[in-house]
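In this note's numbering, the protein residues as written are 1 to 313.
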C-alpha cells in the first residue's frame, strides 16, 4: 500500500533513514506523515498534525489491514458507524481493523502527534523475522475483529516504555531499532486479553458528544456568558456529572477551567492585535472587575495585561 493511495498527499521528500515525508492536505491547518517500511507489509508512521479536522481517508484498500496508534500529544476523535465516538488521549494505545466503519475523525484540541503502525496482514504474516519471534499477525487480527474491530487501552508504563523510545532513536541505529520496537509491540499485543477492555471512558454516545460540542461552541462564542451548565445541556438529556466527566476526558480539563483559559487566551490575542482598552478587553472576555482580570491574566501568563501589551503589541 502506498501513502498516495489512501491520503490527499500534497508533496513528498525522502528522509535520511530510508523513509518518506508526506505533506498532507488539511482544512485550515497543516499535517505531515513520515513513513518507514520496516518489514514486508509493516509501516511505521510518525504523524504530526496542526489542524482541527483529520484528512479524509479513502477506504478503498482491498487487503486486510491492522492500524495501531499511540497518541503522544493532543486528542484523536473517531465517529463510528454504530454511532459511538472513540477517543485517544495522550499516552493511549488504539488498535483497529481497517474495515471498521468510520464516518469522520478529527483532532479536538487542534493538534495531534503520535506514532502509527499500519500492517498489511497477508504480507506481514509471511515475514521470516516475525515468524522467528513466533508473532502470529493473523491471530492478532482475529482478536481485534472479535473485539468489535477496535480496542483502546489507557496509558500504562509498559505502553510508554515501548513507544517513548520510538520518538527518541539515535541516527546510528534508527532503522534497525524501529524493527525491534515494532516486534516488541506486537509481542505485547499478542498476549493482551482484548476482551478485558472495560474502560468505557473511551466511548461516548452521539447525544453526549453533541452536548459537549454544543457547549464548547457556545462558550467559545459567548465569553461573557452567565448561563449555567445545567441550562446548556438540558436539551440533550445528559446528566451534569456525566457531561463533566466526558468533557474532561476529551479536552483534558474541567469545563469551567477550559472556559477560563480560553477567555484568557482570547484576551491575550486582543492585547496583541487590537486597540481596545484593557477595561474593554476585560469586559469582552467576561470580567466585570478589571482588577480580577489583571490578576487572572498575571497568574496564567506571568505578566500584567499592560506589561504584556507593551512587550507584544
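All residues carry an ideal CB built from backbone N, CA and C; glycine is no exception.
The C-alpha of residue 165 lies about 35 Å from the C-alpha of residue 83.
When only Cα atoms are considered, residue 87 and residue 219 end up about 22 Å apart.
Residue state for residue 83 is assigned as coil, using DSSP reduced to three classes. Collapsing the DSSP output to three states places residue 51 in coil. Straight-line spacing of the CA atoms in residue 299 and residue 305 works out to 11 Å. Excluding its 5 nearest sequence neighbours in each direction, residue 140 has C-beta neighbours in its own chain below 8 Å: 66, 186, 189, 190, listed in chain order.
For residue 205, the enclosing beta strand (DSSP E) stretches over residues 203-205. For the pair residue 103 and residue 80, the CB atoms are nearer than the 8 Å cut-off. Restricting attention to 133, 229, 132, 22, the CA atom closest to the CA of residue 212 is found in 229.
For a cut-off of 8 Å, the C-beta gap from residue 110 to residue 159 is around 24 Å, too long to register as a contact. A Cβ-Cβ contact shorter than 8 Å links residue 137 with residue 121. Between residue 77 and residue 51, the C-beta spacing is not below 8 Å. Annotated three-state conformation of residue 285 is coil, per DSSP.
When DSSP states are grouped into helix, strand and coil, residue 106 belongs to the strand group. Under the three-state reduction of DSSP output, residue 230 falls in the helix class. One thing to note: residue 44 has its Cβ within 8 Å of the Cβ of residue 182. Scanning the region 5-36 for uninterrupted beta strand (DSSP E) segments of 3 residues or longer gives 9-14, 19-24, listed from N- to C-terminal end. Nearest to residue 55 by alpha-carbon distance, out of 297, 284, 106, is 106. Between the alpha carbons of residue 275 and residue 255 lies a distance of about 30 Å. In the three-state reduction of the DSSP assignment, residue 120 falls in the strand class.
Per DSSP, reduced to three states, the secondary structure at residue 133 is coil, with no helix or strand assignment.
Beta-bridge analysis with DSSP links residue 182 to no other residue. Residue 159: not part of any beta strand (DSSP E); member of the alpha helix (DSSP H) spanning 157-164, first to last residue. For the options 246, 281, 169, the alpha carbon positioned closest to that of residue 204 is the one of 246. Taking a C-beta distance under 8 Å as the contact criterion, residue 69 and residue 26 do not qualify as a contact pair. In this structure, DSSP gives residue 77 an extended state, which the three-state scheme calls strand. Cβ-Cβ separation between residue 179 and residue 38: approximately 5 Å, consistent with a contact (criterion under 8 Å). Taking residue 194 as the centre and dropping the five residues before and after it, the same chain places the C-beta of 143, 147, 151 closer than 6 Å to its C-beta, in chain order. When rounded, the separation of the alpha-carbon atoms in residue 99 and residue 225 is 43 Å.
Residue 171: not part of any alpha helix (DSSP H); DSSP gives it neither H nor E. Secondary structure note for residue 271: its alpha helix (DSSP H) is the uninterrupted segment 255-273.
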